[in-house]
Structure formats: structure tokens, C-alpha cells
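Q: This structure is in C-alpha cells; I'll ask about it shortly.
Numbering (the numbering used here), first residue to last: 1227 to 1494.
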């Protein structure tokens, strides 16, 4: 039995199948933990989501920003963007079960046997792990009940830029979502810059990569995340593992074997 954490698929079915072959994935005993952004921008979003759904008994995935965008479109809260590759899913006869499964995915997955946590974009540096778990569960609860329509209607936006316990309702849900699914750069107060997507060594003025924040809560837990292709899989920080190696941009798709931290790649 082996456990693998895999970076952003983004509709790259051919690379995903290549990686499953390369790791000799056995659905009877192996487990996959996906870093979110299963779909969008790549050539076969529908096929990728179907493949993940086929092996769902041995797969857990967190939600990424592209996954949430697909769900918002499906709920009628927004329209597809010009570069989206979501039409196949939205028009599919099995759309209901695929999207129902996707909406039930969490924002944070605990992997106690590996002393690790998986999210799409990381853990806000000024939050403890217990705070991160609690706030992730808040949004997961909203996605699981009748409040989800209100959630998607107000999901988009860059404000509030930072956390306050006084936040409530859609503003609170939005900032939690932005931390878990869109975060790259933060300032000393932990506020987000959501307009910059570049390399970690070229942050906007007054900001830094979230994992380099000098007051980041050290937990001893391995943090697994995707989302930031420009990192090319490297953070330079012990126990902070970047998984997105830019498959959809011509890079590679990466699996981290959690038993020994070996990295397996398929070129895209």
C-alpha cells in the first residue's frame, strides 16, 4: 500500500493517466490525495473529472479555486470565462453526480499517519492548525447545506484582504476561501495580495510568500499544497511541499509518495 499526494491536474487527463501508470496505481490498496484544481484550462476537464470519480473510493481531493469556479458556474452564480474548459462537464449527462461529488470535497485534509495536512494553496501563516481546521470546516458546512447558493453568489472578490474574527456571513466565507484556495503572497499582518502570481523571489512590495512569513506558526506538520506553478515544486522550506509543477503550462505532473517523499513526474 502506498499513498501519493498529486499536484494540480487542471484537465490534463493524458498526464494523469501517465502518472497512474508510472506509480503502478493499484485501486485495491493505494490512495491518492489530490491538491485540487482537478479541472479547467487543460484539454480534457470532463475526462479528468470522470477518471477521478471512477476511483473515488481511493481518492480524496481538496477544493481548488478552479473547482469552486466550476461549481459557481453550475449554480448560476457566474458565467464561464473565455479561457475556461468547462463546457464538457456542464453539458455532460453525468454532470449531477460529478458535481455533487466535487462539492462534497473539503478545503483541508488531515493525514495523521504521515503527520501532514493537504490544502490547495497552503495554510495562512498566522493561523494555528486547529484554527485552520476549524475555519475550513465552516466553509465546508456552508457548501453542504442550503447556504451554498448565497456562498457562490458572494464568493468572488479580493476583500477582505485579511482575517478578523469579527467577520461574519459571506465576507467571512470569502476570506477563508481565498486563504485556502488563492493565497500566494501575504504581508506582515497576514493580508493577501491576490493579484500577483509570479515567482517567490519577486514578491510585490511589502509582501512575501506565505511560507516565508517570519511569524508563521511552526507545527512540525508537513504542509502539502498546489496552486503555485511558478514555484516549480520547490519552497526551500523543510516540511513545506509544493506539488504544482505546472502541467497545464507545459511543465510536469508530480506525485509525492508520502511513505518516503520520493517524487515521480510525468512530463506534459
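Virtual Cβ for every residue (Gly too), placed ideally from N, Cα, C.
Predicted model, so just to flag it, every value in this text is computed and none were measured.
Report, in whole angstroms, the separation of the C-beta atoms of residue 1378 and residue 1296, which I expect to be a contact under 8 Å.
A: Contact flag wrong, Cβ pair sits at about 11 Å.
Q: Please determine, among 1439, 1471 and 1428, the residue with the shortest C-alpha to C-alpha distance to residue 1463.
A: 1439
Q: Would you please state the rounded distance, in angstroms, between the beta carbons of residue 1262 and residue 1234? I believe it to be under 8 Å.
A: Contact flag correct, Cβ pair sits at about 7 Å.
Q: Looking at residue 1411 and residue 1386, is the spacing between their C-beta atoms short of 8 Å?
A: no
Q: Could you give the uninterrupted runs of the beta strand (DSSP E) lying entirely in the segment 1231-1286, keeping only those of 3 residues or more?
A: Complete beta strand (DSSP E) runs here, min 3: 1257-1260.
Q: Which parts of the segment 1277-1343 are runs of the beta strand (DSSP E), unbroken and 3 residues or longer, counting only runs that do not cross its ends?
A: Every beta strand (DSSP E) stretch that sits fully inside the segment 1277-1343 and reaches 3 residues is listed by chain position as 1285-1287 and 1334-1337.
Q: Taking the alpha helix (DSSP H) that residue 1384 belongs to, which residues open and close that run?
A: Here residue 1384 belongs to no alpha helix (DSSP H), and DSSP marks it neither H nor E.
Q: Helix, strand or coil: how does DSSP classify residue 1480 here?
A: Residue 1480: strand per DSSP, three-state reduction.
Q: Roughly how many angstroms separate the alpha carbons of residue 1286 and residue 1434, rounded to a whole number?
A: 30 Å
Q: By a C-beta neighbour count over all protein chains shown, 10 Å radius and 16 as the cutoff for buried, is residue 1275 buried or exposed?
A: The residue is buried, with at least 16 neighbouring Cβ atoms inside 10 Å.
Q: What residue range is occupied by the uninterrupted alpha helix (DSSP H) comprising residue 1396?
A: In the DSSP assignment, residue 1396 falls within the unbroken alpha helix (DSSP H) covering 1395-1408.
Q: Mind checking residue 1489: buried by the 16 CB within 10 Å criterion, or exposed?
A: exposed
Q: If you drop the 5 nearest sequence neighbours on each side, which residues of the same chain put their C-beta closer than 7 Å to that of residue 1461?
A: Answer for residue 1461: 1437 and 1468, listed in chain order.
Q: Considering residue 1444, what are the terminal residues of the alpha helix (DSSP H) in which it resides?
A: Bounds of any alpha helix (DSSP H) do not take in residue 1444, whose DSSP letter is neither H nor E.
Q: What does DSSP give as the partner residues of residue 1209 in its beta bridges?
A: This structure cannot settle anything about residue 1209, because the visible part of the chain is limited to 1227 through 1494.
Q: Using only alpha-carbon positions, find the residue among 1357, 1406, 1328 and 1304 that is nearest to residue 1348.
A: 1406
Q: For residue 1432, which residues of its own chain have a beta-carbon under 6 Å away from its beta-carbon, when the five flanking residues on both sides are left out?
A: 1413
Q: On a CA-only basis, which of 1279, 1328, 1268 and 1280 is nearest residue 1310? Give me that one, please.
A: 1268
Q: Name the two residues that bound the continuous beta strand (DSSP E) containing residue 1467.
A: 1466-1468
Q: Taking the alpha-carbon positions, what's the residue 1231 to residue 1481 distance?
A: 6 Å
Q: Where does residue 1454 land, buried or exposed, given buried means 16+ other C-beta within 10 angstroms?
A: buried
Q: According to DSSP, which residues form a beta bridge with residue 1492?
A: 1479
Q: Here's the rule I'm using: 16 or more other beta-carbon atoms within 10 Å means buried, otherwise exposed. How should residue 1342 be labelled?
A: buried
Q: Ignore the nearest five residues each way along the sequence and tell me which others in residue 1465's own chain have a CB closer than 8 Å to its CB.
A: So the qualifying residues of the chain are 1446, 1447, 1448 and 1449.
Q: Can you tell me where the alpha helix (DSSP H) holding residue 1368 begins and where it ends?
A: Looking at the DSSP string, the run of the alpha helix (DSSP H) that includes residue 1368 is 1355-1369.
Q: If you compare alpha carbons, which of 1299, 1326, 1303 and 1227 is closest to residue 1313?
A: 1299
Q: Which of the three DSSP states is assigned to residue 1487 in this structure?
A: coil
Q: Would you please state the rounded distance, in angstroms, between the beta carbons of residue 1357 and residue 1333? I believe it to be under 8 Å.
A: So it is not a contact: roughly 13 Å between Cβ atoms.
Q: Do the CB positions of residue 1484 and residue 1355 come within less than 8 Å of each other?
A: Between residue 1484 and residue 1355, the gap from beta carbon to beta carbon reaches 8 Å or more.
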